[in-house]
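Enquirer: Let me give you the structure first, and then I'll get to my questions.
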């Protein structure tokens, strides 16, 4: 039995050991607790460049919110965009890339790429989802505007060096996994020490030799049992080496055997526990201070699906901003009847039609203006998921001055150009717009017939034939609603001109303009094709001396009202046709249509 002095020493050692262990656990939550953030700074000796790209993987490197501080001379901007958009805009321009963080989390890793010395100003680009403008210093909280990957572009005006003083503050790993176990272990050790002080051991049975003799007998009995157990575990039938004769303890060599054994065991346990506690207390404190979060996997390992190649090219916020700028630009041009005011946001068919409309209206007050372009009352959007350029998108709006909803088709030719309005096409009255996913849809090449009854090019060519000939083979393959008589009215107009124009021979053609064709996949597997037809109205006098007269509107463009040699009127027709999917028995349908006079000349 352990003597009273040894029990007291062991109890005190356990209490002290428990107290140290408890303090180690508490220390991990307080004085040794890791910093909540770590800040990394870009090297000051980096090569100057007009653009700096901050790689998308830094936003999720440590999880949580990343804060960026930028200092520079004069004005500069920080823009957020998809990584492929940022890369496409940067192009061949020399730039720096903040690509990672050093192992000690104190320095940002900067890579320089040689290239062209200057670029246009990135301010105002439609590629950016958000932009921050600053002068001197910018504090920016980097958060994702939507799912997927997002990079940052830092620049002054594209010609001056981008700011080089950049620091990024990341959330740190503040977890202390050893804190609670240490506190629990410390409490248990203290309780064990107190229990050893308070609880008294039971006295052994008295024997012939007193307590010591009783303890010796107990020790001898235990040894005999151990020897017998050791012999019993030898496999049967396999005699082992002769067991050594048990050594009988003697009182002369081992006085007070049980007390000696207990003393040695207690001391050995105490030393082990003290060593363990010292290791834990010293080690965990250092570990707590040195704890840094492990870097998250690189973008190539984790984010493949988030920024998939088929991500929609515009978010709703981007699209609305673009529409507002387009609408205000067209309003300014319409008010001044000045086509020069349109060129920043209007192109191709719509620019051609409005330019001629302004010219006619400046001399013919009664001539009807084009339908206004509105960004308000946005009914739906159609966004391509094709990330290569040119990119096409479409909006359906019906604001003030729009008698029926209007389809607005916009195209972005290249990364450094903004979206421009290329067609405005009012829906045919009573026509239902086909369902198209708003989160991004496929765009098809004009000659792509996959999954469709007709390709986009075939559909528009069929419409051209249908508008040209009353007995067209597409008469039953392409129809319009009963309240949408664009095709019927066109055929009636052409027949009436041919019948009443007794002094002339007239012909009409509606030919596809291939470069203006855009095809969007619809939700049912069909497609909506937007395109332009060049409508030519050709007239020649029947006999010598006969004259042909044209209207006041065409006269403005032709430079006169009558001709004895012949004339040609040209109209741009903006059209939209729904194409059913393969296997459907339904005909194609004319969804939207309009025309505008764009040319008149005498032969």
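Residue numbers (the numbering used here): 3 to 605. Even glycine gets a Cβ: it sits at the ideal position worked out from N, Cα and C.
1) Output yes or no for whether 9 Å exceeds the beta carbon distance between residue 53 and residue 160.
2) For residue 476, which residues from the same chain have a beta carbon less than 6 Å from its beta carbon, with the 5 sequence-adjacent residues on both sides left out?
3) Count Cβ pairs between the stretch 439-457 and the stretch 408-427 that sit closer than 8 Å; are there 3 or more?
4) Put residue 413 into one of helix, strand or coil per three-state DSSP.
5) In whole angstroms, what separates the C-alpha of residue 379 from that of residue 547?
6) Checking 9 Å against the spacing of the C-beta atoms, do residue 158 and residue 89 come in under that value?
7) Can you give the beta carbon distance from residue 549 to residue 505, rounded, assuming they're within the 8 Å contact cut?
8) In chain order, what residues of the same chain lie with their CB nearer than 6 Å to the CB of residue 598, ignoring the 5 residues before and after it?
9) Using a Cβ-Cβ cut-off of 7 Å (strictly less than) and excluding sequence neighbours within five positions of residue 82, which residues of its own chain qualify?
10) Going along the chain, which unbroken runs of the beta strand (DSSP E) with 3 or more residues stay wholly within the stretch 148-201?
11) How should residue 139 be labelled, buried or exposed, when 16 other C-beta atoms within 10 angstroms of its C-beta is the threshold for buried?
12) Excluding the 5 residues flanking residue 567 on each side, which residues of the same chain have their C-beta closer than 7 Å to its C-beta?
13) Going by the beta-carbon positions, is the gap between residue 602 and residue 557 smaller than 9 Å?
14) Within the same chain, show all residues whose beta-carbon is closer than 7 Å to that of residue 430, passing over the 5 residues directly before and after it, in chain order.
15) Does the Cβ of residue 166 have 16 or more other Cβ atoms within 10 Å, making it buried, or fewer, making it exposed?
16) Any idea what DSSP makes of residue 320, helix, strand or coil?
17) Taking only the alpha-carbon atoms, compute the straight-line gap between residue 8 and residue 187 and give it to the nearest angstrom.
18) Would you kindly work out how many angstroms separate the C-alpha atoms of residue 122 and residue 491, rounded to a whole number?
19) Report the CB separation of residue 579 from residue 446 in whole angstroms; it is logged as a contact under 8 Å.
20) Could you tell me if residue 98 is buried or exposed, where buried requires 16 or more neighbouring beta carbons within 10 angstroms of its beta carbon?
21) Report the rounded CA-to-CA distance for residue 324 versus residue 421, giving the unit in angstroms.
22) Is residue 541 closer than 9 Å to residue 572 when the C-beta atoms are compared?
23) Going by other Cβ atoms of all chains shown within 10 Å of its Cβ, with 16 needed for buried, is residue 87 buried or exposed?
24) Going by C-alpha to C-alpha distance, which of 120, 560, 60 sits closest to residue 91?
25) CB residue 545 to CB residue 552, shorter than 9 Å?
26) Determine whether the beta carbon atoms of residue 425 and residue 326 lie at a separation below 9 Å.
27) Would you mind sorting residue 415 into buried or exposed? The rule is 16 or more other CB atoms within 10 Å of its CB.
28) Could you tell me whether the stretch 332-340 touches the stretch 370-387, where touching means 3 or more Cβ pairs closer than 8 Å?
29) On the premise that residue 184 lies in contact with residue 13, defined as a C-beta separation below 8 Å, what is that separation, rounded to the nearest angstrom?
30) Hey, would you say the C-beta of residue 572 is under 8 Å away from at least one heavy atom of the ligand GTP?
31) Please name the residue, chosen from 69, 17, 84, that lies closest to residue 317 on a Cα-to-Cα basis.
Expert: Straight from the coordinates:
1) Taking 9 Å as the Cβ cut-off, residue 53 and residue 160 qualify as a contacting pair.
2) Correct list, in chain order: 464, 467, 468.
3) The stretch 439-457 vs the stretch 408-427: no contact.
4) Correct three-state label for residue 413: strand.
5) Taking the straight line joining both Cα atoms gives about 55 Å.
6) No. Outside cutoff.
7) With a beta-carbon spacing of about 7 Å, residue 549 and residue 505 fall inside the 8 Å limit used to define contacts.
8) Closer than 6 Å at the Cβ level, and outside the excluded window around residue 598, lie 355, 574.
9) Once the five neighbours on either side are set aside, the close Cβ partners of residue 82 are 130, 131, 132, 147, 152, 154.
10) Here the runs fully enclosed are 153-157, 167-173.
11) Residue 139 comes out exposed.
12) Contacts found: 604, 605.
13) Closer than 9 Å, so yes.
14) Within the same chain, residue 430 has close Cβ partners 482, 483, 486, 488, 592, 593, 594, 595.
15) Around the beta carbon of residue 166, 16 or more other beta carbons lie within 10 angstroms, which makes this residue buried.
16) Helix, per DSSP.
17) Computed Cα separation, rounded: 23 Å.
18) Going from the Cα of residue 122 to the Cα of residue 491 covers about 49 Å.
19) Actually they are not in contact, since the Cβ atoms of residue 579 and residue 446 sit about 13 Å apart, beyond 8 Å.
20) Residue 98 comes out buried.
21) Residue 324 and residue 421: Cα-Cα distance of roughly 7 Å.
22) Not closer than 9 Å, so no.
23) So residue 87 counts as buried.
24) Ranking 120, 560, 60 by Cα distance to residue 91 puts 120 first.
25) Contact annotation: residue 545 and residue 552 have beta-carbon atoms that are not nearer than 9 Å.
26) No; because the gap between Cβ atoms is not below 9 Å, this pair is not in contact.
27) By the 10 Å Cβ count, residue 415 comes out exposed.
28) Look at the beta carbons and you see the stretch 332-340 touching the stretch 370-387: at least three pairs across the two are nearer than 8 Å.
29) Not really, about 21 Å apart at Cβ, beyond 8 Å.
30) With respect to small molecules bound, the structure shown includes none, and the ligand GTP cannot be examined in it.
31) Measuring from the Cα of residue 317, the nearest candidate turns out to be 84.
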